[in-house]
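Numbering (the numbering used here), first residue to last: 82 to 515.
Report on the following structure.
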């Protein structure tokens, strides 16, 4: 369900990004087989759900302290050269700079020469500051690419990230950084044009949305749903698949290896608000239907437990409809039992705003770790979806992601209902993934 790299030469992963071409999903990730990030590895998939691991495709150069992340794009001259381009960074001594590789099949990559090394333009950027991870979009005039990347602009510029242009995708010119309002320094995840505006996912202790009317900025922190992802996850990226704009990210255990989260849809509403939603392709997870055994007890201060003990080594997809509470009534939601006693509660109020945290089995001691309000209207009844495997979960309401969360301990396989009984949940359905 949540992809994890297993190749011995890959190691633990961190940032992820994807490229889709002719029915194949190409997944890339920064990884560390040693103590520092030292390779970029990959996997492929025909459905975006089940992955075939390939392993390392690029490794850090001699004398390099560590690698940094990148992205993949098609050459502006693809019609004549048939090339795809990947950028990545390397720290050598006190300085981080950007390098390039190319490929004709998105699997076999050749590092390009050091003459293409892209370095800080010290008119606008700090020489020994960040310089990492170009994300490209086509220039509106069709003359090459604009790029946005993690950088350390000089304070007087009012910028928060790097900005530049390239005609061939490998020879880059830095430009003055766009002015950014409403947020401090951070990392560029990705930027795309949606509905005539420029939406950037920007990492600053969570993934935030920045919006601009023009590619040169200025960029403003979104007024609504500004924190796109704030749970145990990081570094979301865009990638188009047909007519859909998808999002990927990685999910972080409290202790243990990093996984890739499920692919998701980027949705912009009529008011220009970007949100993250369930992607229909993930229905491929529903391999084996499981009969849900309803709770036998009425709701009380604790959770009414389903009669199942789900196999969380395989994972669980649980769907149903939840009756949200009336305005000032106590919240309702889901309880995931953890080994060693107690568990994690996901509690919704009347608006669909959620609190996630640890709780005792009797309903006492709710310690809220994450509070998330997606600023949406769900109505009195809302469809929910819970994805759970091991210690990682994702929860959706009305098809929109509420949050990703890492359990403090392994789940037992038992799930309960908080503030609700069988009569208030319709059509509970469950599946075990393959």
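Just so you know, even glycine gets a beta-carbon here, dropped at the ideal spot from N, CA and C.
Note that the coordinates shown come from a computational prediction; the quantities given were computed from them, not determined experimentally.
Taking DSSP as the reference, what is the three-state secondary structure of residue i?
{"i": "residue 245", "result": "strand"}
{"i": "residue 113", "result": "strand"}
{"i": "residue 170", "result": "strand"}
{"i": "residue 366", "result": "helix"}
{"i": "residue 504", "result": "With a pLDDT of only 49 at residue 504, under the threshold of 50, the placement of this residue in the model should not be trusted, and no figure is reported."}
{"i": "residue 452", "result": "strand"}
{"i": "residue 160", "result": "helix"}
{"i": "residue 35", "result": "Residue 35 is absent from the model: the chain starts at 82 and stops at 515."}
{"i": "residue 98", "result": "strand"}
{"i": "residue 238", "result": "helix"}
{"i": "residue 361", "result": "helix"}
{"i": "residue 334", "result": "coil"}
{"i": "residue 418", "result": "strand"}
{"i": "residue 268", "result": "strand"}
{"i": "residue 195", "result": "helix"}
{"i": "residue 220", "result": "coil"}
{"i": "residue 485", "result": "strand"}
{"i": "residue 190", "result": "coil"}
{"i": "residue 177", "result": "strand"}
{"i": "residue 207", "result": "coil"}
{"i": "residue 298", "result": "coil"}
{"i": "residue 340", "result": "strand"}
{"i": "residue 457", "result": "coil"}
{"i": "residue 90", "result": "coil"}
{"i": "residue 182", "result": "strand"}
{"i": "residue 252", "result": "coil"}
{"i": "residue 354", "result": "coil"}
{"i": "residue 132", "result": "coil"}
{"i": "residue 390", "result": "coil"}
{"i": "residue 374", "result": "coil"}
{"i": "residue 262", "result": "strand"}
Look up residue i in the DSSP assignment and give the residues it is bridged to.
{"i": "residue 140", "result": "120"}
{"i": "residue 404", "result": "462"}
{"i": "residue 515", "result": "DSSP, once it has assigned bridges, lists no residue as partnering residue 515."}
{"i": "residue 202", "result": "BP columns for residue 202 are empty, so no partner."}
{"i": "residue 284", "result": "268 and 288"}
{"i": "residue 321", "result": "326"}
{"i": "residue 149", "result": "170"}
{"i": "residue 126", "result": "106"}
{"i": "residue 474", "result": "469 and 486"}
{"i": "residue 154", "result": "166"}
Excluding the 5 residues flanking residue i on each side, which residues of the same chain have their C-beta closer than 8 Å to its C-beta?
{"i": "residue 504", "result": "In this prediction, residue 504 scores a pLDDT of 49, lower than 50, which makes its location untrustworthy; the coordinate-derived value is nonetheless stated afterwards. Answer for residue 504: no residue qualifies."}
{"i": "residue 133", "result": "124, 125 and 126"}
{"i": "residue 264", "result": "241, 283, 285, 289, 291 and 302"}
{"i": "residue 434", "result": "452, 453, 454 and 455"}
{"i": "residue 305", "result": "352, 354 and 456"}
Taking the alpha-carbon of residue i as reference, which of the options has the nearest alpha-carbon?
{"i": "residue 340", "options": "178, 231 and 469", "result": "469"}
{"i": "residue 488", "options": "421, 153 and 363", "result": "421"}
{"i": "residue 231", "options": "143, 196, 104 and 149", "result": "149"}
{"i": "residue 408", "options": "461, 392, 369 and 440", "result": "461"}
{"i": "residue 270", "options": "423, 434, 99 and 383", "result": "99"}
{"i": "residue 432", "options": "426, 442, 454 and 425", "result": "454"}
{"i": "residue 140", "options": "121, 146 and 267", "result": "121"}
{"i": "residue 90", "options": "256, 112 and 83", "result": "112"}
{"i": "residue 319", "options": "330, 110 and 335", "result": "330"}
{"i": "residue 449", "options": "456, 457 and 439", "result": "439"}
{"i": "residue 163", "options": "171, 142, 187 and 146", "result": "187"}
{"i": "residue 416", "options": "363, 498 and 393", "result": "498"}
{"i": "residue 173", "options": "198, 189 and 153", "result": "198"}
{"i": "residue 213", "options": "272, 436, 268 and 192", "result": "268"}
{"i": "residue 94", "options": "419, 512 and 337", "result": "337"}
{"i": "residue 411", "options": "430, 105 and 424", "result": "430"}
{"i": "residue 357", "options": "479, 390, 443 and 441", "result": "479"}
By Cβ distance, which residues of its chain are closer than 7 Å to residue i, with the 5 residues on each side in sequence left out?
{"i": "residue 157", "result": "225, 226, 248, 249 and 250"}
{"i": "residue 155", "result": "165"}
{"i": "residue 82", "result": "366, 396, 468, 470 and 514"}
Less than 6 Å between C-beta atoms, sequence neighbours within five positions excluded: which residues of the same chain meet that for residue i?
{"i": "residue 254", "result": "245 and 246"}
{"i": "residue 168", "result": "151, 179, 181 and 215"}
{"i": "residue 239", "result": "260"}
{"i": "residue 233", "result": "207, 210 and 211"}
{"i": "residue 335", "result": "487"}
Quick one: is the Cβ of residue i within less than 7 Å of any heavy atom of the ligand MG?
{"i": "residue 414", "result": "The ligand content of the structure shown is nil, which means the ligand MG is not present either."}
Please look up how many angstroms separate the CB atoms of residue i and residue j, rounded, as I've assumed it's under 8 Å.
{"i": "residue 293", "j": "residue 299", "result": "6 Å"}
{"i": "residue 342", "j": "residue 475", "result": "7 Å"}
{"i": "residue 107", "j": "residue 86", "result": "With 8 Å as the limit, residue 107 and residue 86 do not qualify as a contact, their Cβ atoms being about 14 Å apart."}
{"i": "residue 355", "j": "residue 344", "result": "Contact doesn't hold; Cβ gap of about 16 Å is too wide."}
{"i": "residue 142", "j": "residue 171", "result": "6 Å"}
{"i": "residue 322", "j": "residue 101", "result": "5 Å"}
{"i": "residue 153", "j": "residue 218", "result": "14 Å between Cβ atoms; not a contact."}
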